[in-house]
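Enquirer:
There are 4 protein chains.
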Amino acid sequence: MRSTAAREAILDATSRLFHSQGYDRLTIEGIAKEAGVGKQTIYRWWSSRGALIADCLLDGRLIPVDFDMPDTGDLLGDVETWLRSVLAVLEAPQGQALLRSLVAAAADDADVGVHLGESLGVEKYLSERLRGGIRDGQLPADAPVAQIGRAILGAIIVESLGREAREPGEVIDLVRYLFAR
Amino acid sequence: MRSTAAREAILDATSRLFHSQGYDRLTIEGIAKEAGVGKQTIYRWWSSRGALIADCLLDGRLIPVDFDMPDTGDLLGDVETWLRSVLAVLEAPQGQALLRSLVAAAADDADVGVHLGESLGVEKYLSERLRGGIRDGQLPADAPVAQIGRAILGAIIVESLGREAREPGEVIDLVRYLFAR
Amino acid sequence: MRSTAAREAILDATSRLFHSQGYDRLTIEGIAKEAGVGKQTIYRWWSSRGALIADCLLDGRLIPVDFDMPDTGDLLGDVETWLRSVLAVLEAPQGQALLRSLVAAAADDADVGVHLGESLGVEKYLSERLRGGIRDGQLPADAPVAQIGRAILGAIIVESLGREAREPGEVIDLVRYLFAR
Amino acid sequence: MRSTAAREAILDATSRLFHSQGYDRLTIEGIAKEAGVGKQTIYRWWSSRGALIADCLLDGRLIPVDFDMPDTGDLLGDVETWLRSVLAVLEAPQGQALLRSLVAAAADDADVGVHLGESLGVEKYLSERLRGGIRDGQLPADAPVAQIGRAILGAIIVESLGREAREPGEVIDLVRYLFAR
DNA sequence: CCTTAAACGAGACGGTACGTCAGGTCTTCTT
DNA sequence: AAGAAGACCTGACGTACCGTCTCGTTTAAGG
């Protein structure tokens, strides 16, 4: 007999606070107060802070972007389209901090970890499109599709962890290098 | 006049506890007790938990491996040599957890972030070797060296965050793909 | 909803430690540990160490003596009865130290101060009995009743602060002098 | 080869801080900093905070008033003269707080205790004058001189501990009652 | 429709850790 | 040699959250 209103309020409060304060300042008490909810109601339905964030992630509340990707037949162009929508998130105010918070949450909690790449569209769209690239011969048959997806996302993450002043074009250079053959 | 004994004891305790308990369970009080030191002595010299970890990282206390890399003339072979020594860290017991703890620390704290790649030898050895690959024509002149380094490290990190049962060969496939042309 | 068990345990621990260690060695942490209680539970209900002691005082946990005083018609005799029960507290082991601790607490904290004389029966019994002495003519109508009470208690306190080896009869001499006319 | 300059500076700082902050906020570190002195220099010459205060007391740095008392032949008048100079201290700004701080220090530390009454002139002047009162027949031969002194001082202290809004005349009523016969 | 058990908000509870303050001891360098 | 400076270990401060545990109070089914 679970209250959907409470669930809504909790996930809402969680994503709001996650965005405004980051993962490390996110507390269950803060969420409960923000959501106007008792702490027990949170503990009743989620086993940990991580589970809560994973739920938000799955609901698309943390990265509210649609990473759907067209298949125009131009592999490099399509991948750049996807990449630009990911980079757009990072260029928003606090975008880098948001990514690092997601990474921190993913490092802390397995639930978040398994859903992080997913909610950025890596498996669903990027890898899928790469497999298309193999089918139509734009990529060699033995191209390690999943690894290439991880490499692109990973390069973005490592750059963010390094707090380097981002040159927006750099990851695109990587992508071009990956498919230039 | 700063006590070197205290500094030693603190960094030692920090790395010991970091390895045994991970970043999220690492507390200043725990370190102080383990090191037989007052908390104030820690706060006097380090501004945060992150600064402490960054110092351990620089001292090579967290990843006690030498990532020096030969230049045998065989680019792919040399990169695989480097990669294998990185993967060896992950295959040790708790290796994956160690990497995730490092990532969590890097996400939390800028000091750690800027030194993470460094202490895995990414800039110092890997990128340097790649530049050598450009010089001797094994890589095209416009290969984005730094990005390739981040991509390899990033793929490893993303895989670890995803808690995927590691197939040891997978990242090597990526490396081969990157240089196979 | 406040836990009476916790309140009981805290006041109990406080008075126990106050007796055994004195005011200056009395710590909130010590009380919390002795009471098997979290520190916050103390801070939630008492604003300071003094408030805690004042509460113990009001509950009769620090000076567990009944200072009720008969009215036999013999003013001097009755006052001596009261006085002897006060002196009995001082003659107990650590009695002088207990009084000094109470005085220290009263000097530190207003709550304790306003209740100190009260819990020794100065206002309730001694002053009341003196007013009876005025009514039946054993004291002049303009005798400063409250001041006389304070003088007797004050003489005891000053003597204790002076660490003078107490001659038990001395304060009684004062009382006799006060009423001999 | 003790430095008198340091001694001066320390006692000066102590009494200055004692007056401005009270006994409970008086710290050795604060005194050292205020005096421009190393902590060790304090610990070298005084065994405790109390000893320091007792020294200040003896030097007349805490109650900078001369309680010398004339002998005009009028016992009550002379005692009132002494009393008024004591009450003047209390009526100064923070006078009550100063007295309570002295009492707290006296309760904490025996050295301070034995000198408190003394530095208010109780033994030296008041008791002495009372003995004169016996000699010239204004007091009965068996009047408990020391006790009467303590009673007067004690009444003032108890009143101050009770945080009662002082009616300046009240203690004088006590004195009049004590000698009206 | 009415009861009745669950889910709920509120928040107290025993804990752990935080970052700070001061205690008293101990160099180390200066005068 | 004594002192100024201040690092050191210790222990307590008052606060923030943790996850668990009552409390009444909704609230939504099922009798």
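Going line by line, the protein sequences match chains A, B, C and D. Counting with our numbering, you get residues 1 to 181 for the letters of the first sequence. Counting with our numbering, you get residues 1 to 181 for the letters of the second sequence. Counting with our numbering, you get residues 1 to 181 for the letters of the third sequence. Counting with our numbering, you get residues 1 to 181 for the letters of the fourth sequence. Glycine included, every Cβ here is placed at the ideal spot set by N, Cα and C. All values derive from a computational prediction rather than experimental measurement.
Express the C-alpha separation of I134/A and S85/A in angstroms, rounding to a whole number.
Expert: Start at 1 with the first residue of the first sequence, and residue 85/A comes out as number 85. Start at 1 with the first residue of the first sequence, and residue 134/A comes out as number 134. Their backbone Cα atoms lie some 23 Å apart in a straight line.
Enquirer: Just to confirm the assignment, what range does the alpha helix (DSSP H) spanning L98/D have?
Expert: Position 98 of the fourth sequence, counting from 1, holds the residue named residue 98/D. Run containing L98/D: G95 to D108, per the alpha helix (DSSP H) assignment.
Enquirer: Hey, would you say A104/B sits closer than 8 Å to A104/A, going by beta carbons?
Expert: For the purposes of this step, residue 104/B is identified with residue 104 of the second sequence, where counting begins at 1. For the purposes of this step, residue 104/A is identified with residue 104 of the first sequence, where counting begins at 1. Closer than 8 Å, so yes.
Enquirer: Pick from I42/D, E159/D and V89/D: whose alpha carbon is nearest that of G113/C?
Expert: Sequence index remark: in the third sequence, residue 113/C carries index 113 (1-based). Checked all of I42/D, E159/D and V89/D; the closest Cα to G113/C is E159/D.
Enquirer: Note down the Cα distance separating D108/D from R61/C, rounded to an integer number of angstroms.
Expert: For the purposes of this step, residue 108/D is taken as residue 108 along the fourth sequence, with counting starting at 1. For the purposes of this step, residue 61/C is taken as residue 61 along the third sequence, with counting starting at 1. When rounded, the distance between both Cα atoms is 22 Å.
Enquirer: Whose Cβ in chain D lies nearer than 8 Å to the Cβ of Q147/C?
Expert: Here residue 147/C refers to the residue found at position 147 when the third sequence is read from its first residue. Correct list: A155, E170, V171, D173, L174 and Y177.
Enquirer: Cβ closer than 7 Å: which chain C residues qualify as neighbours of R100/D?
Expert: By 1-based counting over the fourth sequence, the position of residue 100/D is 100. Chain C residues near R100/D: A107.
Enquirer: What separation, rounded to the nearest whole angstrom, lies between the Cα atoms of W82/C and A54/D?
Expert: The sequence position of residue 82/C within the third sequence is 82, counting from 1. The sequence position of residue 54/D within the fourth sequence is 54, counting from 1. Their backbone Cα atoms lie some 34 Å apart in a straight line.
Enquirer: What do you get for M1/C, buried or exposed, if any count of 16 or more other CB atoms within 10 angstroms of its CB means buried?
Expert: By 1-based counting over the third sequence, the position of residue 1/C is 1. Looking at its Cβ environment, which holds fewer than 16 other Cβ atoms inside 10 Å, M1/C is exposed.
Enquirer: At 4 residues or longer, what runs of the alpha helix (DSSP H) sit wholly inside the region 27–69 of chain C?
Expert: Complete alpha helix (DSSP H) runs here, min 4: 28–35, 39–45 and 49–58.
Enquirer: With a threshold of 8 Å on Cβ separation, who are the neighbours of L58/B within its own chain once the five nearest residues in sequence on each side are excluded?
Expert: On the second sequence, position 58 is the one that residue 58/B refers to. Contacts found: H115 and S119.
Enquirer: Just to make sure I have the definition right: I need the residues of chain C whose C-beta is within less than 7 Å of the C-beta of E159/D. Which are they?
Expert: As a first step, residue 159/D is located in the fourth sequence; it is residue number 159 there, counting from the start. The answer, in chain order, is R150.
Enquirer: Please list the residues of the region 111–136 of chain B that have a C-beta atom closer than 7 Å to any C-beta atom in chain A, keeping them in chain order.
Expert: Listed by position, the residues of the region 111–136 of chain B near chain A (Cβ gap below 7 Å) are G113, V114, L116 and G117.
Enquirer: Does the beta-carbon distance from R176/D to L26/D come in below 8 Å?
Expert: Taking the fourth sequence and counting its residues from 1, one reaches residue 176/D at position 176. Taking the fourth sequence and counting its residues from 1, one reaches residue 26/D at position 26. Their beta carbons are not under 8 Å apart, which means R176/D does not touch L26/D by this criterion.
Enquirer: Evaluate contact between the region 36–52 of chain C and the region 85–95 of chain C, counting only Cβ atoms and requiring at least three cross-stretch pairs below 8 Å.
Expert: No: fewer than three Cβ pairs fall under 8 Å.
Enquirer: Near Y125/C, which residues of its chain fall below 8 Å by C-beta distance, leaving aside the five closest residues on each side in sequence?
Expert: As a working mapping, residue 125/C is identified with position 125 in the third sequence. So the list reads F67, D68, M69 and W82, once near-sequence residues are dropped.
Enquirer: For Q147/C, count the other beta carbons within 10 Å of its own beta carbon; 16 or more makes it buried, fewer makes it exposed. Which is it?
Expert: The count along the third sequence starts at 1 and reaches residue 147/C at position 147. So Q147/C counts as buried.
Enquirer: If you draw a straight line from the C-alpha of T72/D to the C-alpha of G132/D, how long is it?
Expert: Residue mapping note: residue 72/D aligns to position 72 of the fourth sequence, counting from 1. Residue mapping note: residue 132/D aligns to position 132 of the fourth sequence, counting from 1. Whole-angstrom Cα-Cα distance: 11 Å.
Enquirer: Using beta carbons (cut-off 8 Å, strictly below), is R84/A in contact with chain B?
Expert: Translated into positions along the first sequence, residue 84/A becomes position 84. No, because no Cβ of chain B sits closer than 8 Å to the Cβ of R84/A.
Enquirer: I'd like the list of long-range same chain contacts for I28/B, defined as Cβ closer than 7 Å, with 5 residues on each side in sequence excluded.
Expert: For the purposes of this step, residue 28/B is taken as residue 28 along the second sequence, with counting starting at 1. Cβ within range, chain order: K39, I42 and R49.
Enquirer: For V103/B, would you say it is in contact with chain A, using Cβ-to-Cβ distances shorter than 8 Å as the test?
Expert: The residue you call residue 103/B lines up with position 103 of the second sequence. Closer than 8 Å: yes.
Enquirer: Closer than 8 Å by C-beta to Q94/C: which residues in its own chain qualify, once you throw out the five before and the five after it? Chain order, please.
Expert: By one-based count along the third sequence, residue 94/C stands at place 94. Excluding positions up to five away in sequence, the list reads H19.
Enquirer: What would DSSP say about A88/D, mapped onto helix, strand or coil?
Expert: Position 88 of the fourth sequence, counting from 1, holds the residue named residue 88/D. Here A88/D sits in helix by DSSP.
Enquirer: May I ask you to report which of helix, strand or coil DSSP gives A141/C?
Expert: One-based indexing of the third sequence puts residue 141/C at position 141. In the structure shown, A141/C sits in coil (DSSP, three-state: anything other than H, G, I, E or B).
Enquirer: Using a Cβ-Cβ distance cut-off of 8 Å, determine whether R49/B contacts chain A.
Expert: Locating residue 49/B in the second sequence gives position 49, where the first residue counts as 1. No, R49/B lies away from the interface with chain A (no Cβ there is under 8 Å from its Cβ).
Enquirer: Against chain C, does R163/D count as a neighbour if the rule is that its beta carbon must be under 8 Å from one of theirs?
Expert: For the purposes of this step, residue 163/D is taken as the residue at position 163 of the fourth sequence. Judged by the 8 Å Cβ criterion, R163/D is in contact with chain C.
Enquirer: For I157/D and I157/C, which I take to be in contact (beta-carbon distance under 8 Å), what is that distance rounded to the nearest angstrom?
Expert: Counted from its first residue, the fourth sequence places residue 157/D at position 157. Counted from its first residue, the third sequence places residue 157/C at position 157. 6 Å between Cβ atoms; contact.
Enquirer: Between D55/D and chain C, is there a C-beta pair that is closer than 8 Å?
Expert: As a first step, residue 55/D must be located in the fourth sequence, where it is residue number 55. No, D55/D lies away from the interface with chain C (no Cβ there is under 8 Å from its Cβ).
Enquirer: Would you mind reading off the limits of the alpha helix (DSSP H) that contains A5/A?
Expert: Start at 1 with the first residue of the first sequence, and residue 5/A comes out as number 5. Taken as a continuous stretch (DSSP letters only), the alpha helix (DSSP H) holding A5/A covers T4 to Q21.
Enquirer: So, at 8 Å on beta carbons, what are the nonlocal neighbours of R129/C in its own chain, with the 5 sequence-adjacent residues on each side left out?
Expert: The residue labelled residue 129/C in the question sits at position 129 within the third sequence. Hits under 8 Å: M69, D71, L75, D78, V79 and W82.
Enquirer: At the level of alpha carbons, what is the spacing between A9/A and A35/A?
Expert: Taking the first sequence and counting its residues from 1, one reaches residue 9/A at position 9. Taking the first sequence and counting its residues from 1, one reaches residue 35/A at position 35. For A9/A and A35/A, the distance between alpha carbons rounds to 5 Å.
Enquirer: Determine the chain C residues that contact A143/D at a beta-carbon separation under 7 Å, and present them in chain order.
Expert: Within the fourth sequence, numbered from 1, the residue matching residue 143/D stands at position 143. Those are Y177, listed as they occur along chain C.
Enquirer: Do V171/B and G149/B have their C-beta atoms closer together than 8 Å?
Expert: Here the question's residue 171/B lines up with position 171 in the second sequence. Here the question's residue 149/B lines up with position 149 in the second sequence. Against a cut-off of 8 Å, the Cβ pair of G149/B and V171/B comes out as no contact.
Enquirer: Just to confirm before moving on: does the CB-CB distance between A155/B and L139/B stay below 8 Å?
Expert: Numbered from 1 along the second sequence, position 155 holds the residue referred to as residue 155/B. Numbered from 1 along the second sequence, position 139 holds the residue referred to as residue 139/B. In this structure, L139/B does not lie closer than 8 Å to A155/B by Cβ.
Enquirer: What is the DSSP secondary structure of G77/B, reduced to helix, strand or coil?
Expert: Within the second sequence, residue 77/B is the residue found at index 77, counting from 1. Three-state DSSP puts G77/B in a helix.
Enquirer: Thinking I31/B and T4/B are a contact (beta carbons under 8 Å), I'd like their distance in whole angstroms, please.
Expert: On the second sequence, residue 31/B is found 31 positions in, with the first residue counted as 1. On the second sequence, residue 4/B is found 4 positions in, with the first residue counted as 1. Not really, about 17 Å apart at Cβ, beyond 8 Å.
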